[in-house]
Amino acid sequence: MKRESLGGPIALILIGGFFLLRKWIPDFHPFELFREWWPAMLIVIGAVMLAQRLTAGSRAR
Numbered sequence: 001m002k003r004e005s006l007g008g009p010i011a012l013i014l015i016g017g018f019f020l021l022r023k024w025i026p027d028f029h030p031f032e033l034f035r036e037w038w039p040a041m042l043i044v045i046g047a048v049m050l051a052q053r054l055t056a057g058s059r060a061r
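Here is the structure:
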């Protein structure tokens, strides 16, 4: 049975949330936030992917 990925829907929710915050809070600038924190976001995404692969590998044994 193929497991569906949650990455796409979560990304759409986050992007939509950023744009709604921009509309509700005029001083909120999502692209400035992204520009400042993109390295940390990449590290977190990589750590989550690594943890998923390690736990999937240990369950297969």
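Everything in the sequence shown is counted per the numbering used here, starting at 1 for the first residue and increasing by one. Heads up, the beta-carbon is just placed ideally off N, CA and C, and yes, glycines get one too. All values derive from a computational prediction rather than experimental measurement.
(message) Do Arg35 and Phe28 have their beta-carbon atoms positioned less than 8 Å apart in this structure?
(response) The answer is no: Cβ separation not under 8 Å.
(message) Can you give me the C-alpha to C-alpha distance between Ile43 and Ile13, rounded to a whole angstrom?
(response) 20 Å
(message) For Trp24 and Gly46, what's the separation of their Cα atoms in angstroms?
(response) 31 Å
(message) Distance check for Arg53 and Phe18, CA to CA, integer angstroms please.
(response) Cα to Cα, Phe18 sits roughly 29 Å from Arg53.
(message) What would DSSP say about Ile45, mapped onto helix, strand or coil?
(response) helix
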